[in-house]
Amino acid sequence: MKVISVVGYKESGNESVVSALVRNLSGFGTVGTIKYMEGQLLNPAEINAGRHFDAGADTVIEITGTEATGTEVVSFSRDLNLEDALDLLCDQGLDFAVVEGFKESNLPKIVIGDLKSVSNVVFRLPADIDMHEELTATLVGIAIAQPDRYTLEALIKKARKNPAIRKAGAIGTFSGIVRELAGNERTSKLEFEKYEPEASKSLDRIRDELKQKEGILEVLIHHKTGVIKAGEDIVYIVIASAHRTELFPALSEAIERIKAEAPIWKKEFTEEEEFWVHDREHPEN
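Numbering (numbering that gives the first Met the number 0) for the sequence shown: 0 to 284.
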């Protein structure tokens, strides 16, 4: 899923930019949106879901409508942050997410007006811009060019869309996470850097070569970059195979080859120090 954020002062035209993006991106795939409602609270006590929250529910989903008119689904959750919301959209297998607001996030941003102190700006527009066709096409191109965000559930759904899945008898997954405790040492976070485009080429090569093995029908790999906190996910591998006997060796080979072949460097932050793991493992370099 590709994510783009639109930020600006109130009444600066955010809504028209978001609407233009959604309308045009829908021609390239499925689109979800997230909006920051600053200073506004939705009071669940005013709706039927309120009594469920009062009873202790953490998430309430209401489905309305009929088979004839179509259904609408409304979900309310406690303590849902931006990352959680993006993962929910990603889990649905959506192709794009357009976020309105959240100027303090590290998402790639289209900024409207002279809004200051904003990180990761990919394009800046004057306030109250006229969203003509050429400009809209430019913004759509920017959104399409963003890196993909994946969850494990999204990769599984992608594997199931492969026509070869009809021959599959198993789907297996591997999730690498940041280990917090190793003996008496505590790791707070890891930081990963990819040497591109070689890293992506290496992962593609591993994927393609594994798919040449007998019974392996699909291989999907996603390795995150940046800072990842203890307990969070680092890498996902999803493999579909004709039989389970072919599946587990392929999963094991995939992660071992990623660690050995892909130019992805890991910096570890412990209570005592921080260091690049490659330098510790290969001091002669």
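We put the beta carbon where it would ideally sit given N, CA and C, even for glycine.
Could you check if residue i is buried or exposed, using at least 16 other CB atoms within 10 Å of its CB as the buried criterion?
i    : result
H221 : buried
D86  : buried
A158 : buried
F274 : exposed
M0   : buried
V30  : buried
N13  : buried
E217 : buried
V276 : exposed
Hey, how far is the Cα of residue i from the Cα of residue j?
i    : j    : result
P196 : I128 : 36 angstroms
A142 : I3   : 6 angstroms
T269 : E10  : 45 angstroms
A136 : N23  : 8 angstroms
K34  : A54  : 28 angstroms
T32  : L88  : 8 angstroms
T172 : E272 : 33 angstroms
V72  : V97  : 19 angstroms
S251 : E184 : 26 angstroms
I109 : I227 : 25 angstroms
E267 : V59  : 39 angstroms
E61  : G100 : 26 angstroms
E245 : A239 : 9 angstroms
F95  : K200 : 24 angstroms
K210 : K223 : 22 angstroms
G214 : I254 : 18 angstroms
I111 : A198 : 34 angstroms
If you follow the beta strand (DSSP E) that residue i is in, where does it begin and where does it stop?
i    : result
S289 : In this structure the chain extends from 0 to 284, so residue 289 is not present and cannot be described.
L88  : Unbroken run through L88 is the alpha helix (DSSP H), L81 to D90; no beta strand (DSSP E).
E273 : E273 to W275
T186 : E184 to K193
Note the first and the last residue of the continuous alpha helix (DSSP H) segment covering residue i.
i    : result
T137 : E132 to I143
D203 : E197 to K210
E252 : R243 to E260
I238 : I238 -> not in any alpha helix (DSSP H); beta strand (DSSP E) instead, spanning D232 to S240.
R159 : L151 to R159
Our contact map puts residue i next to residue j with C-beta atoms below 8 angstroms; I'd like the distance itself, whole angstroms only.
i    : j    : result
M285 : A19  : This structure gives no information on residue 285, because the portion of the chain shown stretches from 0 to 284.
I170 : V120 : Going by Cβ atoms, the distance from I170 to V120 rounds to 39 angstroms, so no, they are not a contact pair.
R77  : D90  : Not quite, the Cβ-Cβ distance comes to about 18 angstroms (not below 8 angstroms), so this is no contact.
G285 : L114 : Summary: the structure shown does not reach residue 285, with the chain confined to residues 0 through 284, and so no result is reported for it.
Say yes only if the C-beta of residue i is nearer than 7 angstroms to one or more non-hydrogen atoms of the ligand FMN, and no if none qualify.
i    : result
S201 : Absence of the ligand FMN from the depicted structure is noted, as is the absence of any ligand whatsoever, leaving it without description.
For the region 182–196 and the region 261–271, state whether three or more C-beta atom pairs, one from each stretch, are separated by less than 8 angstroms.
-> yes
Would the region 148–155 and the region 200–210 be scored as touching if the rule is three or more Cβ pairs under 8 angstroms?
-> no
Check whether the region 118–125 touches the region 175–187, counting contact only when three or more Cβ pairs, one atom from each stretch, lie closer than 8 angstroms.
-> no
Taking three-plus beta-carbon pairs below 8 angstroms as touching, is the region 103–119 in contact with the region 163–170?
-> Below 8 angstroms, too few C-beta pairs join the region 103–119 and the region 163–170 to call them touching: fewer than three.
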